[in-house]
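Under the numbering used here, think of the first position of the sequence shown as 0, with each following residue one higher.
For each residue, glycine too, the CB sits at the ideal point set by N, CA and C.
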Amino acid sequence: MIDFDIIENLGLDKAVSVTSESNQISESQLVVINQVKDFGIDEIYFSTDENHNSYPAVFLKKVEKFDDLALRQVAIAQKKIWNFKKVIFLYVYSETEIRIYNCAEKPLLIKSNDFDYKKELKTLEIESYKFKDKTKLKQLQNLFSTIAIDTGIIWTLEEAFEIRKKISLQRRVDKYLVESLTYTAKQLQAEGLEINLIHKIIMRSLFLLYLEDRGATDEKFYSEIKNGAKSYFDILDDSDKTYSLFQKLEEYFNGNVFTLDSNEAISREHLQIIRKCFINGNDNSSQQNLFEDLRLFDFSIIQIELLSEIYENFLSEINPTLKQDTGTYYTPPSLVELILNEKLPISRTEKNFNVKILDPTCGSGIFLVESFKRLVKRHENANAKKLTDFNELKKLLTDNIFGVEIHPQSIKVAAFSLYLALVDNLNPKTIWQNKDYRLPYLINDPSDDTLVEQGNNLFRSDTIQENPEVEKINFDLVVGNPPFGTKNLSQTIRDYSDRYGFAKEMVLPFLHKATTLSKNGEIALIFNTKVLTNTNGKYQAFREWLFNECYVEKIYNFSILRKVPEDFGGQLFGSATGPISVIFYRKNTPKKKSDTIIYYAPKTYIKSNVIEGVSIDSTDLKYLPREECQKPSTKIWKVAMWGGMSDFDIINRISKKTVSMEAFLKNTKNGWNLPRAGLNGDREHQDFIPEEVINSRYIQRFYTPSDALQKNDKYFRNIDKNLFEPPFVLFKKGQKNRKLTASFIDYFAFCTTACYVFNGNVESDYKKALTAIFNSKITTYILFMVSSSWGIEREQIFMDEVMDTPAIIDLLNQKNLSKIVGHFDEIMSGIKSDFFKKDYSQLEEKIDKVILKDVLGMTDREMVIINDSLEYSLDLFENKQKSKALLPVVSVSDYSERISSEINKFLNNQDIVCNATVFKMPHFSPLMMVKLSFGTKKSGLIKSKENVAEELRQLDKHLWTKQSTNIYFRKKLNYKTGNEIFIVRPNQRRFWTQSMAIEDASELILEILNEV
């Protein structure tokens, strides 16, 4: 036997047994344990945040040895965990080894009695480690310890590349089920079935399997339809009996889902294709799973709220234009959980279950189902017992859960999902089959003559129109994901927008009307981020109303998640959507009002943990001044996305020094014309064919030689030729390698709409100076920080954004103009005379120095902030997971010296000084730490011989004992003890810059002042 404790070595001693008593664990842990206790696992490692929400991260199973019996158990457990979806890793260990299995990968299909588990399970094995192999054990600790799990280094570490290749999130249960259903639908279409009928049959099958797997249908139920039938699959052998089953269910479910048309005709062969789909998935082999009870999809485990995601994704696969036409996108369960954790928490102290909830665009009901489940939990908290009574559950549902939806099929899915959630709580679950226990009528749709009775909960209607039956209810909470976009707007959206002077954007009327539906309640809605940043006057009018006539509590800006690679853990929405945010607000100001708005804006999609869904990383949390947010033209939403209040102050300071570019150019005394875009290839106005046009790909920074001109045979619209009289300045809309491109042109040349043209009756030197300013660091910095699209949606600059920037050119005196032009001429001369590209970076730095220091009077502190923003934030946006901002820290000395210096400036003339201590840094440490000590003697930077990993481990143990919170999951921490403050941040360069030291120092000084 090998004397090695794998649990302690990986930090898994905090794992929770699935047999734990309920009073020993948190509510969120108990919910998970109740869901997974029959999976054949022993323990769960939870990642726990500072609000004590626990998320399952790893499942653990102990075996005597890896024989056939144990491996079969592993295969069964992996299949169940795959259906559960929330956990990627299953750790199975014996006395001598540990094997790590991939639960994001499709389970094994067991097709024979002599199935080779040893061979087949290798395909699901991510890695295995023998305890006697000390070298490999180091890798195990680096990649699979709880520290690695909580900090998500598997997503970034170079050494984990081979591991990452084995994890395809596209094979998870929801993705694979949609893929299988789509494949089956196409098979049935090829067999001649009409798509609407296919859709109905597949959805009915899904619903029936949910009922069956959750114990709501039984052998007695099926045998009444077909003698000897024990399951839905037995019924599928006979098309007539299948229709008898649908007719029976149509009565039970009030005609909501199982509505039959007289012309429906489907054969036994068609039904067998559906049967194969739900047993084997999208598996092309003719063999079926040997054991039906080991079929791939287990709907007793697949969460009911996933039904909504599966339905909407399946629908969009078979009808790809639906999203664009309606502006609706499915809401991922993780985002629903995030929103409801805020507004409908279920900790043991939450006992109010009479909460009227509305989703004004409920779709297939994901928010409503999860809300109902939470109200059930609150009812159980209040009554200290499980809620299983049919009438109580029915009352809880009909009194509190409401939705509005315009699409008839979606609202039926919402109704069935709610029925399913109700039935799932019953004991016995088959009681709904009793005529004395009729499921409530939920849908209200006077145009649907299949409804026996109109309900009062789910209204098929246009939310923006008048809805007296909905509007008479005073809702406590409005949640949802309204449609957004500017195309295919309904007349009601147009009229509503006109009435209030808002932009014609689909989501705005929903955000506005929510306040009339919940006059005294709370609202949490998803919307598109451009609502915050669009400079158009009518968007500003909306923001004027939102931030002044409502009370906004917090905004989560998830824009960066719009472009997540498919196999990366952070993907929120499908690829077809734009940048989204979530807003938490209310109509009336609460008694306890905050002067700040909480703003969360992650800068990278790379997950900082391996748990399912979205966890709020405190490194991306900011508190914005409410007074500034109330200004409709404020740039704070964009600046705070990539920078901080220091960046906001710098841009404001520059803006106050001069007028905007628009005001400067409009002033005729200055001699400039207003800029225009180049030639437009308008098909309706084919006016002339210029001989030559500058190819925009060959436009260079500072100066573009005439060999960029190319012969042209295309027609363009007429344009004022004087615009192109030399010399003039070209400004490219796009940017490359984190740099803007402006070029001085000293010959007559046309350009296309890829560029803006600046010209006028001004001296050539001023045109050169304008080119230099456009190419400077400060213009790149300002536009990256304030542009409504760069860094959010498109990687290009719009003219109105350039025109909104400060007119630095108006600040030039003759001395500074001469300096800039002198350096410019050197660059231009070099480009003209040299075929090979020289490095002009030193000359560019000289120009930057003149502009930043001599013209704008930037301090060294401000220069640090500007340089770090371009070096790290812009690099992170442009290069994403390959950015230098994410690389491990080389040294924290500059950070430490800067933060102690900033604090000592504040402590000046006090009898106390701040000294910083740095520690030894191992390469794999996911976190870094600096210690600040306060005393009477200044000692400079102290270099400790202690290893930072050991110090962090001790601090983590201390925190866990004291607060039940985990430092590695939190990642950002200022921990005070006595006269010392420990600053903990992730081991990434972006967190240890000098500008971050300035920001952290301000934060600490504020904390010190608040304690005085």
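Where the beta strand (DSSP E) containing residue i begins and where it ends
i	result
T47	E42 to T47
F88	F88 to Y92
G605	The sequence given here has Ile at residue 605, not Gly. No beta strand (DSSP E) contains I605, which DSSP labels as neither H nor E.
Q302	Counting along the chain, Q302 falls outside any beta strand (DSSP E), and DSSP gives it neither H nor E.
I744	A741 to I744
V335	Not the beta strand (DSSP E): V335 falls in the alpha helix (DSSP H), residues P332 to K342.
R585	I579 to R585
D475	Per DSSP, D475 belongs to no beta strand (DSSP E) and is neither H nor E.
V1015	There is simply no residue 1015 to check, as the chain begins at 0 and stops at 1011 in what is shown.
A523	E521 to N527
Near the ligand NAD: residue i beta-carbon under 8 Å from a heavy atom
i	result
F509	This structure lacks the ligand NAD, and indeed carries no ligand of any kind.
Segment limits, alpha helix (DSSP H) that includes residue i
i	result
A1013	Nothing can be reported for residue 1013: it is not among the residues displayed for the chain, which extend from 0 to 1011.
P445	Unbroken run through P445: none, as it is neither H nor E.
C754	Here C754 belongs to no alpha helix (DSSP H); instead the beta strand (DSSP E) covers C754 to F757.
K376	I365 to N382
N815	Q813 to S832
L196	I194 to D212
I59	In the sequence as presented, Ile is not what sits at residue 59; that position holds Leu. No alpha helix (DSSP H) contains L59, which is instead part of the beta strand (DSSP E) from S53 to K61.
Sub-9 Å separation of residue i and residue j beta-carbons
i	j	result
N527	S489	no
F83	V172	yes
S46	D149	yes
F114	C102	no
K240	K225	yes
L244	Y209	no
I265	I200	yes
L59	L11	yes
N908	K937	no
Q77	L29	no
I356	L334	no
I405	D358	no
A676	Y599	no
I808	I772	yes
L664	G536	no
F371	L314	no
DSSP bridge partner residues for residue i (one or two, in chain order)
i	result
M928	V983
N946	K919
P439	None; P439 has no bridge partner.
T429	DSSP, once it has assigned bridges, lists no residue as partnering T429.
N101	F88
Y599	Y555 and L620
R459	E404
R675	V756
Y550	R585
Y702	F743
CB contact check: residue i to chain E, cutoff 9 Å
i	result
I605	Protein chains in the displayed structure number just one, and chain E is not present.
Whole-Å CB distance - residue i paired with residue j, under 8 Å assumed
i	j	result
F727	K766	7 Å
A74	Y116	6 Å
G643	M784	Their Cβ separation, rounded to whole angstroms, is 10 Å, which puts G643 and M784 out of contact at 8 Å.
E724	F747	7 Å
F757	F730	7 Å
A420	V368	5 Å
F130	T95	6 Å
Validate contact between the stretch 651–669 and the stretch 703–721 using beta carbons, cut 8 Å, 3 pairs: No, the stretch 651–669 is not in contact with the stretch 703–721.
Does the stretch 512–528 come close enough to the stretch 337–350 that 3 or more CB-CB pairs lie under 8 Å? They touch, by the three-pair rule.
Does the stretch 770–781 touch the stretch 722–741, meaning 3 or more C-beta pairs lie closer than 8 Å? With the cut-off at 8 Å, the stretch 722–741 and the stretch 770–781 touch.
Contact the stretch 790–807 vs the stretch 829–844: 3+ CB pairs below 8 Å: Result no; under three Cβ-Cβ pairs closer than 8 Å.
Does the stretch 140–159 touch the stretch 172–191, meaning 3 or more C-beta pairs lie closer than 8 Å? Not touching, per the Cβ criterion.
Spell out a yes or no on whether the stretch 502–509 and the stretch 394–414 are touching, meaning 3 or more CB-CB pairs, one atom from each, closer than 8 Å. Verdict: no, contact absent.
Inspect the CB distances between the stretch 475–494 and the stretch 438–458 and report whether three or more fall short of 8 Å. Because the criterion of three Cβ pairs below 8 Å is not met, the stretch 475–494 and the stretch 438–458 do not touch.
Please confirm if the stretch 422–439 is in contact with the stretch 460–477, defined as three or more CB-CB distances below 8 Å between the two stretches. Too few Cβ pairs lie closer than 8 Å, so no.
Does the structure place the stretch 576–595 close enough to the stretch 940–948 that three or more beta carbon pairs sit under 8 Å? Short answer: they don't touch.
Touch test, the stretch 174–191 against the stretch 630–638, Cβ-Cβ under 8 Å, three pairs minimum: Short answer: they don't touch.
Would you be able to state if there are at least three C-beta pairs under 8 Å between the stretch 951–958 and the stretch 872–884? Because the criterion of three Cβ pairs below 8 Å is not met, the stretch 872–884 and the stretch 951–958 do not touch.
Would you call the stretch 919–927 in contact with the stretch 980–993, where contact means no fewer than 3 C-beta pairs closer than 8 Å? Taking 8 Å as the limit for Cβ pairs, the verdict is that the stretch 980–993 does touch the stretch 919–927.
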